[in-house]
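Read through the structure below, which is laid out as structure tokens, and then see the notes.
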Amino acid sequence: MDAEAGVVGADQLPRRQYYMNLLLLAYQSFGVVYGDLSTSPLYVYKSTFSGKLRQYQDEETVFGVLFLIFWTFTLIPLLKYVTIVLSADDNGEGGPFALYSLLCRHVKLSLLPNQQAADEELSTYYRNGFAPRNGSAPWLRRFLDKHKKMRTVLLLIVLCGASMVIGDGILTPAISGSVVLLSCILLVGLFALQHRGTQKVAFLFAPIVIIWLFSIGGIGLYNILHWNPNIYQALSPYYMVKFFRKTGKDGWIALGGILLSMTGSEAMFADLGHFTSASVRVAFVTVIYPCLILQYMGHAAFLSKNTFHMTTGFYDTIPEPVFWPVFVVATLAAVVGSQAVISATFSIVKQCHALGCFPRVKVVHTSRWIYGQIYIPEINWILMVLCVAVTVAFRDTTLIGNAYGIACMAVMLVTTFLMALIVIFVWQRNIIFALIFLAFFGSIEAVYLSSSLMKVPQGGWVPLVLAFIFMSVMYIWHYGLRRKYQFDLQNKVSMRSILSLGPSLGIVRVPGIGLIYTELVTGIPSIFSHFVTNLPAFHEVLVFLCVKSVPVPYVSPDERYLVGRIGPKEYRMYRCIVRYGYKDVQRDDDNFENMLVMSIAKFILMEAEDASSSASYDIANEGRMAVITTTDDAGSPLAIRDFSGLADSLTTRSSKSESLRSLQSSYEQEYPSVSRRRRVRFEVPEDDDMGQQVKDELMALVEAKHAGVAYIMGHSYIKARRSSSFLKKFAIDVGYSFLRKNCRGPSVTLHIPHISLIEVGMIYYV
1 MDAEAGVVGA
11 DQLPRRQYYM
21 NLLLLAYQSF
31 GVVYGDLSTS
41 PLYVYKSTFS
51 GKLRQYQDEE
61 TVFGVLFLIF
71 WTFTLIPLLK
81 YVTIVLSADD
91 NGEGGPFALY
101 SLLCRHVKLS
111 LLPNQQAADE
121 ELSTYYRNGF
131 APRNGSAPWL
141 RRFLDKHKKM
151 RTVLLLIVLC
161 GASMVIGDGI
171 LTPAISGSVV
181 LLSCILLVGL
191 FALQHRGTQK
201 VAFLFAPIVI
211 IWLFSIGGIG
221 LYNILHWNPN
231 IYQALSPYYM
241 VKFFRKTGKD
251 GWIALGGILL
261 SMTGSEAMFA
271 DLGHFTSASV
281 RVAFVTVIYP
291 CLILQYMGHA
301 AFLSKNTFHM
311 TTGFYDTIPE
321 PVFWPVFVVA
331 TLAAVVGSQA
341 VISATFSIVK
351 QCHALGCFPR
361 VKVVHTSRWI
371 YGQIYIPEIN
381 WILMVLCVAV
391 TVAFRDTTLI
401 GNAYGIACMA
411 VMLVTTFLMA
421 LIVIFVWQRN
431 IIFALIFLAF
441 FGSIEAVYLS
451 SSLMKVPQGG
461 WVPLVLAFIF
471 MSVMYIWHYG
481 LRRKYQFDLQ
491 NKVSMRSILS
501 LGPSLGIVRV
511 PGIGLIYTEL
521 VTGIPSIFSH
531 FVTNLPAFHE
541 VLVFLCVKSV
551 PVPYVSPDER
561 YLVGRIGPKE
571 YRMYRCIVRY
581 GYKDVQRDDD
591 NFENMLVMSI
601 AKFILMEAED
611 ASSSASYDIA
621 NEGRMAVITT
631 TDDAGSPLAI
641 RDFSGLADSL
651 TTRSSKSESL
661 RSLQSSYEQE
671 YPSVSRRRRV
681 RFEVPEDDDM
691 GQQVKDELMA
701 LVEAKHAGVA
711 YIMGHSYIKA
721 RRSSSFLKKF
731 AIDVGYSFLR
741 KNCRGPSVTL
751 HIPHISLIEV
761 GMIYYV
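In terms of the UniProt record's numbering, the sequence shown has 166 at position 166, counting the first letter as 1, and numbering is strictly consecutive.
In structure tokens, the structure reads:
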């Protein structure tokens, strides 16, 4: 059995098989999730004693540093992330945007109006049955509902967190090596391996990280027994008080080095989509925590008796007989340590893109079972170039560590803030619990962040610049999409004007189905009138198709299609909303057209069976929309014949089989890409219980499908109005225009066949 198969439907697996898959995933997580966290001992003590703290060369100072490292590592990675934050996954997904999507489903935080109405019927929309309610802080909900600017501020906070994660993806590989040339070569090799997929990379890297962890754990235990068995006394708060009394401001600045002991904690949460929360917890509690604690205590025991080695780092603590083997493992582990944030960056970018906050990029799904395992070529190579540039420019890992600390603490603060809102609105606990969580963990992280900000001139400016660039890209893209959506919403074509044209819409209606892509979930977009003006004829059946990414990780196939009618039945106009989660795979599905036709046919039958469908059409209302099940053929009003297998079935029954086989062969030679699709033919069965009007509508739909399907899309250009401010003109005319021209086109992202695509240009003045 494939190792990945255990993730899907784990609840239905036998108990023994479930635990086997759990242990296997925990093993793989070492190579992806924990590489960064496990390599922190390489530079924590070196960075801590690199400043003015080096002048305090005594045992009490070492004990004070160990106290801070031990309790920081216990409170943040173990208590906050493993115990609490991993429980706030969004149906198995983690990261800042996963928390944001949870909040969007329970509080009206979306900046796009009317976007939530079509989502609430999803079974996964509200996690664990928690439907929105006022909870313990109704005033806070009303405040967020009323003030749109606060929703914008919250989005900016989330974008800041996502940008800092991407910054981690740049800085972590750069801090991993000590020799510049060797580091650059290893970095190029690391990024070149990414297209192999998470599973293969995990199996390759996991043994290295596990050997490294047991090595440093053993070395730490040896140093404790050999140098100072009483090192456990440093866990007393007494030494923390003495540390700050003695060092004062120098000790506070040294916190910027101590915080490096918990870098990589956010990767546990951001990489959750690649594994499961249970596997991540098992790996941390059983191996990561004890091995790293032993190493930190052993390093402190060594320094307490060898204070002149304070600034030299980890390698001086290695016993001489095993130095070179450990050095080789450490070098490999340092490079592998970058994998955690690289994988997290792919996940964050995918989530940002799906929720409309990142330009369209190519997303390659490297696993058939675990949809969270992805690879993004453009992001991979951009990260590689920036990593090499940072490594060459800084050379000193201490300076890179200063920058790295700011990025990590900023992400943790964003997560803490969002988690406080999760406690109130999603978990529906008393606001006091949220305030305790925010005050306790937020104060710890704020102190560390304040220390890191003191090192902005010594390399700390790098993550701030990187975050500003990525955050600007995300917000400008989201702003452009939002302005375009608002333009469509405010300039919808009047239904009264459509009805005044009659069933022919004032133009020639030709056989076929026209799929008109739109962002609107209600109403007719303004670009439709532009189509009618520029195209001499239109298809007999029109479907306004909205491909919508909803704030849940995955949408069940049975809930993917939402179908409704536009106008009276004789107009043959329908609306279909196709819903995908932000982690769903929007594959080039060969059956999409067939599924769409079947969904519309089921809707027609469902509507006919509804007694209320006999009522006259209301101009102000398009009529109801229904969720159509596509995986169950029972109750289907259409019969399906597979064209690809028809020739074989007629071989001994008809002389026409040879001509049909010849026709099929020539078709495959002329259109090899199209011939791989499943070619089916729909038929309306003879059913006396079916009304004649329903039969006629189904027959018109079937004949239109056999005539062909055309994909109609607007090629839109967005321009700022002349009266707009300079900032708005720059954002729309320069920023958004540049991003739109240099990202993947919507037709490519939606996998629209080029041979069937019709594009009509239109300029939006926003």
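Using N, Cα and C, we set each Cβ at its ideal position, and we do this for glycine too. If you're wondering where the values come from, they're calculated on a predicted model, not measured in any experiment.
With fewer than 16 other beta carbons inside 10 angstroms of its own, Ala393 counts as exposed. Sequence-distant Cβ neighbours of Tyr222 in its own chain, meaning closer than 6 Å and more than five residues away, do not exist here.
Put simply, of Val532, Cys546, His539 and Ala731 the residue whose alpha carbon is nearest the alpha carbon of Val521 is Cys546.
Taking a 10 Å sphere around the C-beta of Val62, we find 16 or more other C-beta atoms and assign the residue as buried.
The three-state secondary structure of Phe49, taken from DSSP, is coil. Taking 8 Å as the upper bound for CB-CB distance, Gln339 and Phe203 are not in contact here, some 12 Å apart. Inclusion of Pro503 and Glu570 in the CB contact set at 9 Å is warranted, their separation being smaller than that value. Between the segment 469 to 489 and the segment 737 to 744, the count of Cβ pairs shorter than 8 Å is three or higher; the stretches touch. The segment 282 to 301 and the segment 88 to 106 do not touch, with fewer than three beta-carbon pairs separated by less than 8 Å. Non-local C-beta neighbours of Val423 in its own chain, meaning closer than 7 Å and more than five positions away in sequence, comprise Arg429, Phe433, Ala434 and Phe437, ordered along the chain. Val411 has its alpha-carbon roughly 32 Å from the corresponding atom of Ile231. Under the three-state reduction of DSSP, Glu59 is assigned to helix.
In the DSSP annotation of this structure, Leu272 is not part of any beta strand (DSSP E), being labelled neither H nor E. Looking only at Phe67, Trp212 and Val328, the smallest Cα-Cα distance to Leu255 is reached by Phe67. According to DSSP, residue pairing for Arg575 in a beta bridge involves Phe544 and Gly564. As DSSP reads the structure, Lys719 sits in a beta bridge with Tyr765. Pairing Thr198 with Phe314, the inter-Cα distance amounts to about 30 Å.
In this structure, Gly64 and Phe243 form a Cβ contact; the two beta carbons are roughly 3 Å apart against a cut-off of 8 Å. Closest in C-alpha terms to Gly31, from the list Ile219, Val363, Ser50 and Phe284, comes Phe284.
For Glu59, same chain residues with a beta-carbon under 7 Å away, outside a window of 5 residues either side, are Ser304 in chain order. Within the segment 687 to 760, the complete alpha helix (DSSP H) segments of 4 residues or longer fall at 692 to 707, 726 to 729, 737 to 742 and 746 to 749, listed in chain order.
Within a 10 Å sphere around the beta-carbon of Asn591 sit fewer than 16 other beta-carbons, which makes this residue exposed. Secondary structure note for Leu515: its beta strand (DSSP E) is the uninterrupted segment Val508 to Tyr517. The way I'd put it, the segment 140 to 147 doesn't touch the segment 454 to 463; fewer than three beta-carbon pairs between them come closer than 8 Å.
When the five nearest sequence neighbours on each side are left out, the beta carbons in the same chain lying within less than 7 Å of the beta carbon of Thr345 are those of Val165, Ile166, Gly169, Ile379 and Leu383, in order along the chain. Within the DSSP bridge table, the entry for Met625 names Gly564 as partners. Assignment of Ala639 by DSSP, reduced to helix, strand and coil, places it in the strand class. If you draw a 10 Å sphere on the C-beta of Trp139, you find fewer than 16 other C-beta atoms in it, and that means exposed. For secondary structure counted as the beta strand (DSSP E) over 3 or more consecutive residues, the segment 403 to 447 holds no complete run. Residue nearest to Gly564 within the set Phe538, Gly523, Tyr554 and Arg196 is Gly523 (criterion: CA-CA distance). For Gly502, the secondary structure class from DSSP, reduced to helix, strand or coil, is coil.
Secondary structure of Ser526 (DSSP, three-state): coil.
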